[in-house]
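I have placed the structure first, in the form of structure tokens, so that the comments after it can refer back to it.
Chains as they are written, first to last, in our numbering: chain Y, 1 to 338; chain D, 339 to 676.
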């Protein structure tokens, strides 16, 4: 599979996913049991190193090449007053990313990651899902393919984030379509909605669900109907990473919702991915629980733009440094358990 | 106050603590409101930068000089079979720290922190608290002073950790003396105790509490009776950091218990400190709740040796990078809220 040119390609790719490398994971577990610490005492740091190795297929994982992709899109539903900010901010923030002035630029520098920002037809917002599908199948596949093709095959770790005024509304509607419930369950305050804005957001989600009668329907159809281009691109990038054996850190609510259709279509399709942090956005904790994914950090962040995913790279670097650099009991002459 | 030579000195120091710099914190909050992100959307990253600035007394906080101090001690109570490891491991792990082979060495390198390890009379364990006081007043003050004097006045941030076979038993008994409850409430599996070991640990804690009739008594007396030298040193270092206006990251259960007497003696005495991570050690979550402190990370770690505190430095570095490096709305030409 060299790319995604159709829904048929996408489904075929999902039906034939690479599995993790059990031998690499076993080699890592064996070394961890010999390092000078009580067994399991580094907790999730140990799990995360084993996860890196399993998906990289390496007994000694690497984080030499950490790639952060931020996809940006505009949303027809933004016209319904569902965001605290005007839609103009999407393109302005893309310019801010390119100028190095956003949070994600600083975090990438701090953790040693390479940032690439990919705007997706910002001057052509998706359709307002309360009135029509957000995307045609062709538009959806084009965005998926853009995400798929953006993944550098040589990356050791991929962080996925997004920017798009109105996209927590899209993500909420998508989560509702996949998992049940409506605006009441899934809508959060996004960039800082007031109460009237929250009412409009819940109404838009419920109107979309009602119009398209989509509950528990095909996950790809749900993404075409509700998801913006940046969500479709994250779906494509998550799939490409699996094919390239690259572990993935999903950022917050929108990125998790964007990848969720893969898990609904194919069990285990997100085994190569972790949710980097639990967003303060209201629906995220429940979404992670539904997917059986436990976020690594929980710092009340709700910025998006890959910020939580990039921040988590520092935890992985420390975890890997312990794994590769610690002495064993034998090397250090430390007594073992009584 | 140049040091701590007596309990009188210690109490005098506590009665005259420096307060935080409200102007610095206000300057930080003002800048945060102008940066290109929704207000508050970096969550705890924003809180932590304000906390750094408040205690450093700087509107632009620094993390140029991050110091990790790990104190090590041996415990008479270890002879009661309360640890999965023999007491010989304390000195062996100190040697491992000095040789660069432990987890804390790798994490310090990963996050850019300077490690110093301070063994405290390892060949003279404290008394077994089921039979006598762990320390005399003179021994206690000597350990407090060692910790106090070890703090480099120039540090921008201080991380405090410990090593000592048996010291979760000491910390549990100390927490019980300060906060109520006994072995059932406070004992955890430490480095990996089996069920019979857990029974011995709970019994030792309850026997100590019973012998010394210490519940809710003077916090310093509780530390002399139950605490090891490394706990007393952490208490002293936490106090010195406050006097030098250095923010403190406390590591897990033992470090938090060690600092807890300060909070019991003087309200606000730990305002310059954060609990870096919630340890998997059973009593830690409850101890933090009692102290009104919310750990920053929660990664099932239970290693001690300052590992969780040092790991958290990476989060602070990213938070500070955002604060210092991001563009404002005006600079970036990004529209503000509708």
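Think of the CB as a built atom: it goes at the ideal place given N, C-alpha and C, for glycine as much as any other residue.
The structure displayed is predicted, hence computed values, not measured ones.
Could you check what DSSP says for residue i in three-state terms: helix, strand or coil?
i: residue 120 of chain Y; result: coil
i: residue 592 of chain D; result: helix
i: residue 526 of chain D; result: coil
i: residue 662 of chain D; result: helix
i: residue 283 of chain Y; result: coil
i: residue 613 of chain D; result: strand
i: residue 161 of chain Y; result: strand
i: residue 297 of chain Y; result: strand
i: residue 474 of chain D; result: coil
i: residue 512 of chain D; result: helix
i: residue 453 of chain D; result: strand
i: residue 464 of chain D; result: strand
i: residue 336 of chain Y; result: coil
i: residue 330 of chain Y; result: helix
i: residue 533 of chain D; result: helix
i: residue 397 of chain Y; result: Because residue 397 of chain Y is not part of the residues shown, which for chain Y are 1 to 338, the question remains open.
i: residue 304 of chain Y; result: coil
i: residue 346 of chain D; result: helix
i: residue 342 of chain Y; result: Coverage of chain Y is limited to positions 1 through 338, which leaves residue 342 of chain Y absent and any answer about it impossible.
i: residue 608 of chain D; result: coil
i: residue 448 of chain D; result: helix
i: residue 147 of chain Y; result: helix
i: residue 521 of chain D; result: helix
i: residue 440 of chain D; result: coil
i: residue 491 of chain D; result: coil
Could you check if residue i is buried or exposed, using at least 16 other CB atoms within 10 Å of its CB as the buried criterion?
i: residue 37 of chain Y; result: buried
i: residue 196 of chain Y; result: exposed
i: residue 237 of chain Y; result: buried
i: residue 476 of chain D; result: exposed
i: residue 454 of chain D; result: exposed
i: residue 551 of chain D; result: exposed
i: residue 437 of chain D; result: exposed
i: residue 184 of chain Y; result: exposed
i: residue 8 of chain Y; result: exposed
i: residue 13 of chain Y; result: buried
i: residue 222 of chain Y; result: buried
i: residue 448 of chain D; result: buried
i: residue 636 of chain D; result: buried
i: residue 314 of chain Y; result: buried
i: residue 491 of chain D; result: exposed
i: residue 251 of chain Y; result: buried
i: residue 201 of chain Y; result: buried
Are residue i and residue j close, meaning C-beta to C-beta below 8 angstroms?
i: residue 134 of chain Y; j: residue 228 of chain Y; result: yes
i: residue 39 of chain Y; j: residue 504 of chain D; result: no
i: residue 288 of chain Y; j: residue 256 of chain Y; result: yes
i: residue 427 of chain D; j: residue 498 of chain D; result: no
i: residue 379 of chain D; j: residue 220 of chain Y; result: no
i: residue 155 of chain Y; j: residue 119 of chain Y; result: no
i: residue 211 of chain Y; j: residue 130 of chain Y; result: yes
i: residue 570 of chain D; j: residue 485 of chain D; result: yes
i: residue 335 of chain Y; j: residue 430 of chain D; result: yes
i: residue 205 of chain Y; j: residue 241 of chain Y; result: no
i: residue 67 of chain Y; j: residue 19 of chain Y; result: no
i: residue 412 of chain D; j: residue 348 of chain D; result: no
i: residue 324 of chain Y; j: residue 48 of chain Y; result: no
i: residue 168 of chain Y; j: residue 253 of chain Y; result: yes
i: residue 208 of chain Y; j: residue 173 of chain Y; result: yes
i: residue 291 of chain Y; j: residue 262 of chain Y; result: no
i: residue 392 of chain D; j: residue 359 of chain D; result: yes
Would you say residue i faces chain C, with C-beta separation under 8 angstroms as the test?
i: residue 331 of chain Y; result: Given the protein chain composition of this structure (Y and D), no chain C is represented.
### Message
Counting only Cβ-Cβ distances shorter than 7 angstroms, please list the residues of the stretch 189-210 of chain Y near chain D, keeping chain order.
### Response
191 and 192
### alpha helix (DSSP H) runs contained entirely in the stretch 348-425 of chain D, provided each spans 4 or more residues
360-372 and 382-394
### Task
Compile a chain-ordered list of the residues in the stretch 80-95 of chain Y whose CB is closer than 7 angstroms to at least one CB of chain D.
84, 85, 86, 88, 89, 92 and 93
### Message
Extract the residue ranges of the alpha helix (DSSP H) inside the stretch 542-605 of chain D, only unbroken runs of 4 or more that lie entirely within it.
### Response
557-564, 567-582 and 591-603
### Query
What residues from the stretch 26-46 of chain Y come within 7 angstroms of chain D, judged by C-beta to C-beta, listed N to C?
36, 37, 38, 39, 41, 42, 43, 44 and 45
### Task
Give the residues from the stretch 581-608 of chain D that approach chain Y closer than 9 angstroms (Cβ to any Cβ), ordered along the chain.
none
#### Entry: Residues, ordered as in the chain, of the stretch 619-642 of chain D that lie near chain Y by beta-carbon distance below 9 angstroms
634, 635, 636, 637, 638, 639, 640, 641 and 642
### Contacting positions in the stretch 439-458 of chain D - beta carbon closer than 8 angstroms to chain Y
439, 440, 441, 443, 444, 445, 447, 448 and 449
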